[in-house]
Structure formats: structure tokens, C-alpha cells
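For reference, the structure is listed below as C-alpha cells.
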Amino acid sequence: MDIRKTTLCALAALVSICSWGWGRNGHDAICYIAECNLNKKALKTVSDYLDGKSIVYYSTWPDEVRTTKEWGYTTKWHVAYYDENDKALLDSRYEGEEGMAPDCLYQVGRIIDRLKDHKNMEKEEVANLIRFLVHWVGDFHCPVHIKYPDYKEHNFKVIYGGKEYKYHSVWDEIMIEDVHHWNYMEYEHQLGNLSRKEVKEIQKGSIVDWGEQAARDCHIIYEWAKAGDELGKDFYLKARPLADRQIQLAGYRLAKILNEIFG
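Residue numbers 10 to 272, in my numbering, belong to the letters of the sequence shown in order.
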């Protein structure tokens, strides 16, 4: 491989790590937890729209296509914005291209509304909406895809595993890949074993309720690390359970959405 190709591959890997909420493994885990909790009708209907493929297959599709000309306008829609009281910002101040807000929480709500009429829509349009839905539900549960009013101050670097990373990157993918070494099926085995009562409890409320809960629960990550910190075992013992819980919540809640639409 020549130097130019090596450089391009390195840059591609860097973009992948720094931009993808949860990384492929985390998004795969969310989709698989959801898929294992779909009723038979929803599972078949979703599979039919995706030409027999699993939602796991498309877990990171929105990240893969957002650099294309066709889908470039969705690039900024992978985060969710909140005010100083952890309330979702969904009003017209955030209206963007094509009349839609650059916010994944807003987009999830809009997709749900559109999919209620899926029987009268073109198959490929429904398939694309499903692909975005299963990814963005994961994104708005990801701690560093939650944007608070001071979010620009959170773009700092830390030391993790002896290497320097953006703090965002630690949560986006590195910690998911580096700690458990689970594949997405193992994540489901460990996190997909809640009782019916527990599932019912975490599926209560609206998507806005879920997003605002995530904003409240995840604010603390900016107390756990500051610029230049070397993150060790103390950080892991606090951060790992939060990451696991957010993946678990996203998976079960995605299942509820898909069951209600297609079940």
C-alpha cells in the first residue's frame, strides 16, 4: 500500500472513531436488543421493508451515507440539543434545511409520525426512514451526542489507555470496543434480560421524556473528566455502567417504537 493510500485509510479510521455515536458495535447492540424484543408481526414487516435484512445490518447506515451528496444535509442531525434545565430544544429556532431541525430527537419524532402512514408510502422511503430511526434512537441516548448550552467547552482531549483522544471519542466508540470485548450478541445476552416489569418501566413516556432523562443522567460525565486528565480505573468504574445502561435503554425503547408502528 502506498503512502497516499495509507494516509487515506488512517483518516477514514479517525473520522469513524470521532463521528459515530456508540460506534458500530454499540449501535449493533442497540438494534439487536430491539430486534430480540419485536413481536412477530413487527419483525416480519420491518424485515420485508429491508429486503430480508436485519436492522442490525443498517445500524450505522446514517453515518455511512451522511458524507454523500444525497444525504449530506443530515450530517448535523446526529445530536440532540437541550437547554440549561435539560429540556429538549425542539422549537422553530432550530429549524434547518428542508424545514427540519438539526436534532436527532426531533427527527425521531418526525419519522414516527411519518411511518404511521407506512402502508401508503413507497417501500424505499419507508426503508430509509427505518434506517435513520434505528440509528438516531441510539444517538440521542449517547452521552456525548447530548448537547448542552456549553457544549463547545466539552471539545477537550484526555489520555485514555496511554493515548490522547477527544473526550467525545472515548464515549463514541473507544470505550465500547476496549472494555468488554463483547460482540453485539453478547451485549444483548448481558443487557437484554430485563423482566417485563422493568421493560414496561423504562418504556414509559414519550421520546421527549426519554431524551430529557438522558440529558439529566448524562450531564455528570463532564464532572468525571477535564482537559488533559488521564482516565483510569476510577473513570471506568463510573463510566462503564452508564454506557451499558444507555445502550440498554435505547434498545428496549427502539423495540417499543417499532412494535407500535409495525406490530
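For glycine and all other residues, C-beta sits at the position ideal for the given N, C-alpha and C.
Asked	Found
Report yes if the CB atom of C113 is closer than 8 Å to the CB atom of D57, and no otherwise.	no
Quick one: what's A89 bridged to in DSSP?	I155
CB-CB under 6 Å to L142, same chain, minus the five flanking residues each way: which ones, in chain order?	I120
Going by DSSP, name the residue or residues bridged to A259.	Its beta-bridge partners do not exist; DSSP assigns none.
For A51, which residues in the same chain have their Cβ closer than 7 Å to its Cβ, ignoring the five residues on either side in sequence?	L267, N268, F271, G272
Alpha carbon to alpha carbon, how far is V135 from I64?	13 Å
Since E79 is in the alpha helix (DSSP H), which residue starts that stretch and which ends it?	Run containing E79: none; DSSP gives neither H nor E here.
Any idea what DSSP makes of A236, helix, strand or coil?	coil
Apart from the five residues just before and just after E107, which ones in its own chain have a Cβ nearer than 8 Å to its Cβ?	With a pLDDT of only 46 at E107, under 50, the local geometry of the prediction cannot be trusted, and the value read off the model is given with reservation. Here the set comprises Y82.
Could you give the DSSP three-state label for E173: helix, strand or coil?	strand
Buried or exposed for K179, going by 16 or more other Cβ atoms inside 10 Å?	The sequence given here places Val at residue 179; Lys does not occur at that position. When all chains shown are included, V179 counts as buried.
For K132, does the three-state DSSP call read helix, strand or coil?	helix
A224 and D95: beta carbons closer than 8 Å?	yes
Among V74, D159, L99, T54, which has the Cα closest to the Cα of H228?	D159
Taking its Cβ as the centre, do 16 or more other Cβ atoms sit within 10 Å of D253, making it buried, or is it exposed?	buried
Find the nearest neighbour of R262 within the set E232, E207, P152, W233, judged by alpha-carbon distance.	E207
In this structure, does DSSP put K166 in helix, strand or coil?	strand
Which residues does DSSP list as the beta-bridge partners of A97?	Y91
Where does E162 land, buried or exposed, given buried means 16+ other C-beta within 10 angstroms?	exposed
By the DSSP assignment, the alpha helix (DSSP H) with C45 in it spans what residues?	Run containing C45: none; DSSP gives neither H nor E here.
Please classify D54 as buried or exposed, where buried requires at least 16 neighbouring CB atoms within 10 angstroms.	As written in the sequence, residue 54 is Thr, which differs from the Asp given in the question. Buried, because 16 or more other Cβ atoms sit within 10 Å of the Cβ of T54.
Checking 8 Å against the spacing of the C-beta atoms, do V167 and G237 come in under that value?	yes
For the alpha helix (DSSP H) containing G241, list its first residue and its last residue.	No alpha helix (DSSP H) holds G241; DSSP gives it neither H nor E.
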